[in-house]
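Enquirer: Handing you a structure now.
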Amino acid sequence: MLSRPADLLVEKTEPIMKAEPAPDIAVQLDGVSKRFGTSVALNDAWLKIGRGEFMTLLGPSGCGKTTLLNLVAGFLLPDDGEIFIDGALVTDVPTFERRTGIVFQNYALFPHMTVANNVAYGLKARGVAKSEISTRVAEILAMMKLAGFEDRKPRQLSGGQQQRVALARALVIRPKVLLLDEPFSALDKNLRASMQVEVKEIQRRLGVTTIFVTHDQSEALSLSDRIAVMSGGHICQIDTPERLYRRPADRFVASFIGEGSWLRAKLDRFGGAKGLVTIGKTIVEVPAEPLAGMATGANVDLFVRPEHLHVETANETGLDGTIAASIYQGGHIDLYVDMPQVSPAHILMRLSAKDANGLWNPGERISISVSGDDAVAFPPVSA
Amino acid sequence: MVAILGFIILPAIVVGIAAFNDKALLSFPPEQLSLRWFYKAISYRDFQTGFHNGLIVMLLSSFIALFIGGAFAFVIDRYEFRGKTLLEGLLLAPLVVPHFTVGLGLLILAAQIGATRGYTVVVVCHVILVLPFVLRSVYISLRNLDQRLELAAASLGSRPSRVLMTVTLPLLAPGLFSGWLFAAILSFNEFTASLFVTSQRTQTLPVAMYNYVREYADPTMAALSVIFIVVTATLLTVANAYLGLGKVLNVEQAR
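Chains as they are written, first to last, in the numbering used here: chain A, 650 to 1032; chain B, 57 to 311.
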């Protein structure tokens, strides 16, 4: 899909200085690319993961997140770029010398070995002394609440227990980086939530650097120190969950993280780091950066979260809508509103249930205001 | 349904009953029961050497086929290369080439290069014939093997050779065993091609039986058949009970 002859040429004639990664960086990717045949699975990825950090790779399937994980694990070798683990260049180091612990979605426990032997496997492979193996296995099994299950085979365990064994097996070798490949998606909803808490707690306690791959944005938001949102082989944005939600860097990140609606608006003017956007009679402040280079008066797409839209009694906002549907959600009510003058699609609003009083009937006309916080605007797609 | 099933096992039943006939004729139904033909079958010299030869050929050819078939199955499963389909086709070709063609071909070849009709040519012949079965069996096991197990082992610090010994081979064991078992049974029972490539000295049991039946027509053959069926069935039952052949023969089955 993408060939980059110019970049490749530059790399050949002007070898980039290999800067030593800072000591607090556990994993570093410098311009890593991976192609499968003609398709680019990962394109020029730059990433620094701090020691002890919980970094999530988030994106839809095919976005390159699993490829990135496999590259760090050494299951794949990159076509371009360098990978560092704990400051050491590992681009060409085979998997078995990288000391990464991995937990797969299906856990990949050795079915022919007992729980104890599964967990001891990595220590045996590393030639750790027998007495030390038994202490360390017992220690980690106790931490994972698996004491007493030593002699079971994996198939005699529940899904949650299997996952804990997989985690114990990966952690017992004291990995430089823990790799989690969608580990929760095979668990049912209740168990998933409790396992997430448990994993996060253990990760924090051991201070192990973790790369977590998922397509589930709520999972990513709740667990991560930082998230790298990926799409089409690119890293779109690397940021904390809160900043990703409040300040998405592009349209994809905005739509992928949380919910929101796109409204047609006009760029009024720039003011410092802010852009001022008018919608109806309201002026909304948005970050200027995504709009850089745009002329005042140009059309922009304003992205607003459902909780930043409000119903007004007096029609002073210049924004009218018709309720298309109202859905009672317990704690809140989701209103889907038609606002043909600013959007071809339904607009999602979220009202707290106490404001609702069951007054919102389909067909009813309402006035809507936009609160200024945390709205972002982007240039229109087909400008 | 019952009639069809009946017809499938009818020959075995007829032979089974005839084996216990006291008379020296392959008559049916028997008038008096006896075990004398079983005794004769076991003590008949040609059958003894045939059994002995068959066992040697079976062991050699099944293990050689297991090794070659296993290696090829591994290559076909794990690597992408040009001519892969061709290689697969070649390896499975003996399924469509008649056995007598293989036997005749080898006989001509052996005569060309002046080789005597010793064990070598018989073993080579049997390896060719049983290879597709071993290949299929091992290949299916490899397909069923979750490669993430090997990746997990590698990430835990296991070298490739260690991964092979501690993860890959133990998990392939049922497939390897069933592939070997099929090869062994096929080799031991193989007649058509063997008829061409064996000599008086190297004749296997089915060939010896054929030679016997050309000269005599008493229930010894029937007795031998019964022994054959019972031994094979016992082997398969035991193998199935301990290893679950169904697991090996079915790609779709969940892990």
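Every residue, glycine too, gets a C-beta built ideally from N, C-alpha and C.
By the criterion of Cβ-Cβ separation under 8 angstroms, what are the contact partners of Arg748(A) in chain B?
Expert: Numbered from its first residue, the first sequence carries residue 748(A) at position 99. Chain B residues near Arg748(A): Gly213.
Enquirer: Below 8 angstroms, can you find three or more Cβ-Cβ pairs linking the region 830 to 846 of chain A to the region 754 to 763 of chain A?
Expert: The region 830 to 846 of chain A is in contact with the region 754 to 763 of chain A.
Enquirer: If we ignore side chains and look at the alpha-carbon of each, how far apart do Leu237(B) and Met221(B) end up?
Expert: In the second sequence, counting from the first residue as 1, residue 237(B) sits at position 181. In the second sequence, counting from the first residue as 1, residue 221(B) sits at position 165. C-alpha separation (whole angstroms): 21 angstroms.
Enquirer: What residues from chain B crowd round Phe685(A), counting only those whose CB sits closer than 8 angstroms?
Expert: For the purposes of this step, residue 685(A) is taken as the residue at position 36 of the first sequence. Under the 8 angstroms cutoff, chain B gives no residues; its nearest Cβ is about 11 angstroms from Phe685(A).
Enquirer: Pro672(A) to Leu146(B), Cα distance in whole Å?
Expert: As a first step, residue 672(A) is located in the first sequence; it is residue number 23 there, counting from the start. As a first step, residue 146(B) is located in the second sequence; it is residue number 90 there, counting from the start. Approximately 56 angstroms between the Cα atoms of the pair.
Enquirer: The beta strand (DSSP E) spanning Gln886(A) covers which residue range?
Expert: Residue mapping note: residue 886(A) aligns to position 237 of the first sequence, counting from 1. 883 to 888 is the span of the beta strand (DSSP E), which, as asked, contains Gln886(A).
Enquirer: Using only the alpha-carbon positions, how far apart do Phe1027(A) and Ile932(A) sit?
Expert: Residue numbering aside, residue 1027(A) sits at position 378 when the first sequence is read from its first letter. Residue numbering aside, residue 932(A) sits at position 283 when the first sequence is read from its first letter. Answer to the nearest angstrom: the Cα atoms are 16 angstroms apart.
Enquirer: Kindly list the residues whose CB is nearer than 7 angstroms to the CB of Asn948(A), restricted to its own chain and excluding five residues on each side of it in sequence; keep chain order.
Expert: The residue labelled residue 948(A) in the question sits at position 299 within the first sequence. Result list for Asn948(A): Arg913, Lys915, Pro1029, in chain order.
Enquirer: Please state whether the Cβ-Cβ distance between Ala769(A) and Ile782(A) is less than 8 angstroms.
Expert: Start at 1 with the first residue of the first sequence, and residue 769(A) comes out as number 120. Start at 1 with the first residue of the first sequence, and residue 782(A) comes out as number 133. Yes, the Cβ-Cβ distance between Ala769(A) and Ile782(A) is below 8 angstroms.
Enquirer: Taking the continuous beta strand (DSSP E) assigned at His995(A), which residues delimit it?
Expert: Sequence index remark: in the first sequence, residue 995(A) carries index 346 (1-based). Run containing His995(A): 995 to 1001, per the beta strand (DSSP E) assignment.
Enquirer: Where does the unbroken beta strand (DSSP E) through Ser1016(A) begin, and where does it stop?
Expert: Taking the first sequence and counting its residues from 1, one reaches residue 1016(A) at position 367. 1014 to 1019 is the extent of the beta strand (DSSP E) around Ser1016(A).
Enquirer: Counting only Cβ-Cβ distances shorter than 7 angstroms, please list the residues of the region 708 to 725 of chain A near chain B, keeping chain order.
Expert: Residues Ala722, Phe724.
Enquirer: Taking CB distances under 8 angstroms as the criterion, tell me whether Ala757(A) reaches chain B.
Expert: For the purposes of this step, residue 757(A) is taken as the residue at position 108 of the first sequence. So, interface residue.
Enquirer: Strictly under 8 angstroms for the Cβ-Cβ distance: is Arg204(B) near chain A by that measure?
Expert: As a position in the second sequence, residue 204(B) is number 148, starting the count at 1. Answer yes: the Cβ-Cβ gap between Arg204(B) and chain A drops below 8 angstroms somewhere.
Enquirer: Using a Cβ-Cβ distance under 8 angstroms, would Phe861(A) count as near chain B?
Expert: Within the first sequence, residue 861(A) is the residue found at index 212, counting from 1. No - not a single Cβ of chain B is within 8 angstroms of the one on Phe861(A).
Enquirer: Give a yes or no on whether the C-beta atoms belonging to Ser90(B) and Phe76(B) are separated by under 8 angstroms.
Expert: Residue 90(B) sits at position 34 when you count from the first residue of the second sequence. Residue 76(B) sits at position 20 when you count from the first residue of the second sequence. For Ser90(B) and Phe76(B), yes; Cβs fall inside 8 angstroms.
Enquirer: Kindly confirm or deny that the region 732 to 739 of chain A and the region 673 to 686 of chain A touch, where touching means at least three C-beta pairs closer than 8 angstroms.
Expert: Yes: at least three Cβ pairs fall under 8 angstroms.
Enquirer: Glu934(A) bridges to which residues according to DSSP?
Expert: Counting from one through the first sequence, the residue named residue 934(A) turns up at place 285. Per DSSP, Leu925(A).
Enquirer: Taking the straight line between their C-alpha atoms, what separation do you get for Ala722(A) and Ala877(A)?
Expert: Reading the first sequence from its first residue, position 73 is the one you call residue 722(A). Reading the first sequence from its first residue, position 228 is the one you call residue 877(A). Using only the alpha carbons, I get a separation of about 17 angstroms.
Enquirer: Measuring alpha carbon to alpha carbon, tell me which of Ser1020(A), His995(A), Arg999(A), Val742(A) ends up nearest Ala210(B).
Expert: Walking along the second sequence from the start, residue 210(B) turns up at place 154. Taking only the C-alpha atoms, the option nearest Ala210(B) is Val742(A).
Enquirer: According to DSSP, is Asp693(A) helix, strand or coil?
Expert: Taking the first residue of the first sequence as 1, we reach residue 693(A) at position 44. Asp693(A): strand per DSSP, three-state reduction.
Enquirer: Would you check if there are 3 or more beta carbon pairs closer than 8 angstroms linking the region 274 to 294 of chain B to the region 194 to 212 of chain B?
Expert: The region 274 to 294 of chain B, when compared against the region 194 to 212 of chain B, does not touch it at the 8 angstroms Cβ threshold.
Enquirer: Kindly indicate which residue of Arg138(B), Gly139(B), Met114(B) has the alpha-carbon position closest to the one of Cys181(B).
Expert: Within the second sequence, the letter at position 125 stands for residue 181(B). Ranking the options by Cα distance to Cys181(B), first place goes to Met114(B).
Enquirer: Would you kindly work out how many angstroms separate the C-alpha atoms of Ile65(B) and Ala74(B), rounded to a whole number?
Expert: Residue mapping note: residue 65(B) aligns to position 9 of the second sequence, counting from 1. Residue mapping note: residue 74(B) aligns to position 18 of the second sequence, counting from 1. When rounded, the distance between both Cα atoms is 14 angstroms.
Enquirer: Is DSSP giving Gln677(A) helix, strand or coil here?
Expert: Within the first sequence, residue 677(A) is the residue found at index 28, counting from 1. Residue state, collapsed to three classes: strand.
Enquirer: Starting from the beta carbon of Ala210(B), find every residue of chain A whose beta carbon is closer than 7 angstroms, and list them in chain order.
Expert: Start at 1 with the first residue of the second sequence, and residue 210(B) comes out as number 154. In chain order: Thr744, Phe745.
Enquirer: At a cut of 8 angstroms, does the region 148 to 165 of chain B reach the region 264 to 279 of chain B through at least three beta carbon pairs?
Expert: No contact exists between the region 148 to 165 of chain B and the region 264 to 279 of chain B.
Enquirer: Would you say Ile822(A) faces chain B, with C-beta separation under 8 angstroms as the test?
Expert: Here residue 822(A) corresponds to residue number 173 of the first sequence, with the count starting at 1. At least one chain B Cβ lies under 8 angstroms of Ile822(A).
Enquirer: Note down, in chain order, each residue of its chain lying with its Cβ closer than 8 angstroms to the Cβ of Leu61(B), except the 5 sequence neighbours on either side.
Expert: Numbered from its first residue, the second sequence carries residue 61(B) at position 5. Closer than 8 angstroms at Cβ, skipping near neighbours: no residue.
Enquirer: For Ala297(B) and Ile124(B), I'd like the C-alpha separation in whole angstroms.
Expert: Stepping through the second sequence from its first residue, residue 297(B) is reached at position 241. Stepping through the second sequence from its first residue, residue 124(B) is reached at position 68. So the alpha carbons of these two residues sit roughly 27 angstroms apart.
Enquirer: By Cβ distance below 7 angstroms, which residues in the same chain neighbour Leu925(A) in space, the five residues on each side in sequence not counted?
Expert: Here residue 925(A) corresponds to residue number 276 of the first sequence, with the count starting at 1. Contacts found: Asp917, Arg918, Ile932, Glu934.
Enquirer: What's the gap between the Cα of Ser250(B) and the Cα of Pro188(B)?
Expert: Counting from 1 along the second sequence, the entry for residue 250(B) is found at position 194. Counting from 1 along the second sequence, the entry for residue 188(B) is found at position 132. The straight-line gap from Cα to Cα measures roughly 18 angstroms.
Enquirer: Sort out for me which residues DSSP pairs His981(A) with in a bridge.
Expert: The count along the first sequence starts at 1 and reaches residue 981(A) at position 332. Looking at the DSSP assignment, His981(A) forms a beta bridge with Ser1001(A).
Enquirer: At what residue ranges does the region 762 to 824 of chain A contain a whole run of the alpha helix (DSSP H), taking only runs of 4 or more?
Expert: 764 to 774, 779 to 792, 808 to 820, all fully within the region 762 to 824 of chain A.
Enquirer: Would you check if the region 852 to 868 of chain A and the region 703 to 720 of chain A touch, i.e. whether three or more CB-CB distances between them fall below 8 angstroms?
Expert: These segments touch.
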